[in-house]
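Taking the working numbering, I'd label the letters of the sequence shown as residues 18 to 466. We treat Cβ as the ideally placed atom computed from N, Cα and C, and that holds for glycine.
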Amino acid sequence: MTQLVSAAELPDFREIVRESSPAVVKIIVQSSGAQAGEGQPLPEEIPEYLRRFFEFRGGPPSQRQRMGMGSGFIISADGFIVTNNHVVAGADSVLVRMSDRREFDAEVIGTDPRSDLALLRVQASGLPVLKLAPGNDLEVGEWVLAIGSPFGLDYSVSAGIVSAKGRSLPTERNENYVPFIQTDVAINPGNSGGPLFNLDGEVVGVNSQIYTRSGGSIGLSFAIPVSVVRNVVSQLREDGRVTRGWLGVTIQDVDKNLAESFGLERPRGALVAQVAPESPAAKGGLQDGDIIITFNGKDIPTSADLPHVVGLIEPGSRVPVEIVRDKKRKTLKVEVGGLDADDSFSLAAGQADKGYGGRLGLVVESAKPEALERMGISGGVVVREVVPDSVAAGAGILPGDLITLIGSTPINSTEIFERTVEKLPANSSVPLRLIRRGSPLFIGLKVGD
18 MTQLVSAAEL PDFREIVRES SPAVVKIIVQ SSGAQAGEGQ PLPEEIPEYL
68 RRFFEFRGGP PSQRQRMGMG SGFIISADGF IVTNNHVVAG ADSVLVRMSD
118 RREFDAEVIG TDPRSDLALL RVQASGLPVL KLAPGNDLEV GEWVLAIGSP
168 FGLDYSVSAG IVSAKGRSLP TERNENYVPF IQTDVAINPG NSGGPLFNLD
218 GEVVGVNSQI YTRSGGSIGL SFAIPVSVVR NVVSQLREDG RVTRGWLGVT
268 IQDVDKNLAE SFGLERPRGA LVAQVAPESP AAKGGLQDGD IIITFNGKDI
318 PTSADLPHVV GLIEPGSRVP VEIVRDKKRK TLKVEVGGLD ADDSFSLAAG
368 QADKGYGGRL GLVVESAKPE ALERMGISGG VVVREVVPDS VAAGAGILPG
418 DLITLIGSTP INSTEIFERT VEKLPANSSV PLRLIRRGSP LFIGLKVGD
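Spelled out as structure tokens, the structure:
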């Protein structure tokens, strides 16, 4: 029997709005380029019936000057303000407007594109401030509230619930350092950079992205969690830049076949597909084929969770890493490094010896030594043909893949490949490591009779 919820049991947001609105600001950005306020509405992009609500200081912008807008909030009485990086990226000038109509020119103290956060400062004192929530106690189903300026409609309030936590939304550079909060709060262009509140009036996130087919809210919005905000803002305030924890590994998810082949009772963890030479991971003893199941005491349910955990650790910290290797659990101590750019790898196949893995349905060739040297690996064989309906075809192996490991055996030549395939136990599951389009990958093989 469905029990109706009375109006008295629904949350009352009035006190939060009264107390918090003065510390929420509207941010107006002017730039001569196209980057400023990227993702924010331009006058020509706004529906006609909403254009009159926009207030551009000094009249309409010229074609050479573009204006964008977003939201932000004050975190200290002496004028520090948090917003999104994409709101102020490429800005020539940034104007902050408060709810009492006061306006301040703002200085960009620092930005962090990887988390999409920026720290501004205005010359003022005695400003109202918002309180950041002390921890990550937010739960799915919990009520949350947003205040911002969607489509230029200043200090609009919308509410909803937390739909999910820890959402991974990789950037265009395939970086993934933010475990986003997903909500069904109505967020629209202009809300970017504004605060997301819990029912205690604390900031639990910074509204950053929406998923939409129409340009407006369809109930899928994403906020940067307060744990990331604290870490990034603290570093921007002190140093003007952000350094993240870095391991130097390429990772992938563990599916059912891989879990079975690595001796796991269920899919879990982050499978290390490649360890960068001289990286913190290499120095700490991590190897290709290790599965990281906890990092610094935190569970790693999927590969997407590892960057979230590592990125928040201060470089130089020495932390425990629990792994599965050769179907046994082991704990390593790894000193986390600072984030550097990983080298990109490429492969050029040679036309040397051919090898045949009849049981798998593969024809392979040796790889050019110069290609292997560029990639920093000692050997491998290139897949030239995959027999239809074979074990290899069923596992998803493709022509052009470079096979470097079968089980625990390094594949340095076509001869070793053939011997290893022939010795594979019947009716077994075996992990196979390959490199595809420059990215390392593990695939679980189900070997027949």
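Check	Outcome
Since V380 and E402 are thought to touch, with beta carbons under 8 Å apart, how far apart are those beta carbons, to the nearest angstrom?	4 Å
May I have the straight-line CA-CA distance separating V464 from E282, to the nearest angstrom?	19 Å
Mind checking whether L451 and V408 have CB atoms under 9 Å apart?	no
In or out: I178 buried (at least 16 other Cβ within 10 Å) or exposed?	exposed
Return yes when the Cβ of V139 is within less than 9 Å of the Cβ of D122, no when it is not.	yes
Leaving out the 5 sequence neighbours to the left and right, which residues in its chain are closer than 6 Å to S5 when beta-carbon positions are compared?	Only positions 18 to 466 of the chain appear in the structure, and residue 5 is not among them; the question remains open.
Per DSSP, which residues does Q291 bridge with? Please list them.	T267
Mapping DSSP to helix, strand and coil, what is P39?	helix
Just grab the DSSP bridge partners of M86 for me.	I45
Considering just the uninterrupted stretch of the beta strand (DSSP E) at G96, what are its terminal residues?	First-last for G96: undefined, no H or E at that position.
Please confirm if the segment 99-111 is in contact with the segment 132-150, defined as three or more CB-CB distances below 8 Å between the two stretches.	yes
How is I433 classed by DSSP in three states: helix, strand or coil?	helix
Considering Cα atoms alone, identify which of G158, P212 and D29 is closest to S37.	P212
Does the distance from the C-beta atom of L349 to that of L303 stay below 9 Å?	yes
Measure the alpha-carbon distance for F214 versus S225 and round it to whole angstroms.	14 Å
Can you find at least 3 beta carbon pairs, one from the segment 286-294 and one from the segment 304-320, that sit closer than 8 Å?	yes
Which residue spans inside the segment 192-265 form an unbroken beta strand (DSSP E) run of at least 3?	196-200, 212-214, 220-227 and 238-242
What residues are listed by DSSP as bridge partners for S407?	For S407, which the question treats as bridged, DSSP gives no partner whatsoever.
Based on DSSP bridge pairs, tell me the residues matched to K347.	I340
Tell me E124's beta-bridge partners as DSSP assigns them.	R138
Going by the DSSP bridge assignment, what does V174 pair with across the sheet?	I164
Measuring straight from C-alpha to C-alpha, what distance separates S93 and P28?	28 Å
Skipping 5 residues on each side, what residues in its chain have a beta carbon closer than 6 Å to that of F298?	One point to set straight first is that residue 298 is Ala, not Phe, in the sequence displayed. Excluding sequence neighbours, A298 sits near L264, G265, V266 and V292.
For S278, which residues from the same chain have a beta carbon less than 6 Å from its beta carbon, with the 5 sequence-adjacent residues on both sides left out?	S446, V447, P448 and G461
Could you tell me the boundaries of the alpha helix (DSSP H) in which K273 lies?	K273 to S278
Counting only the same chain and skipping the five closest in sequence on each side, list residues whose C-beta sits under 7 Å from that of P405.	none
State the Cα-Cα distance for the pair G89 and T229, rounded to the nearest angstrom.	22 Å
Would the beta-carbon of D217 fall within 9 Å of that of A150?	yes
Here's a check: name, in chain order, each residue in its chain whose Cβ is nearer than 6 Å to the Cβ of V249, leaving out the five neighbours to either side.	D129, S132, L134 and V259
Helix, strand or coil, according to DSSP, for K148 in the structure here?	coil
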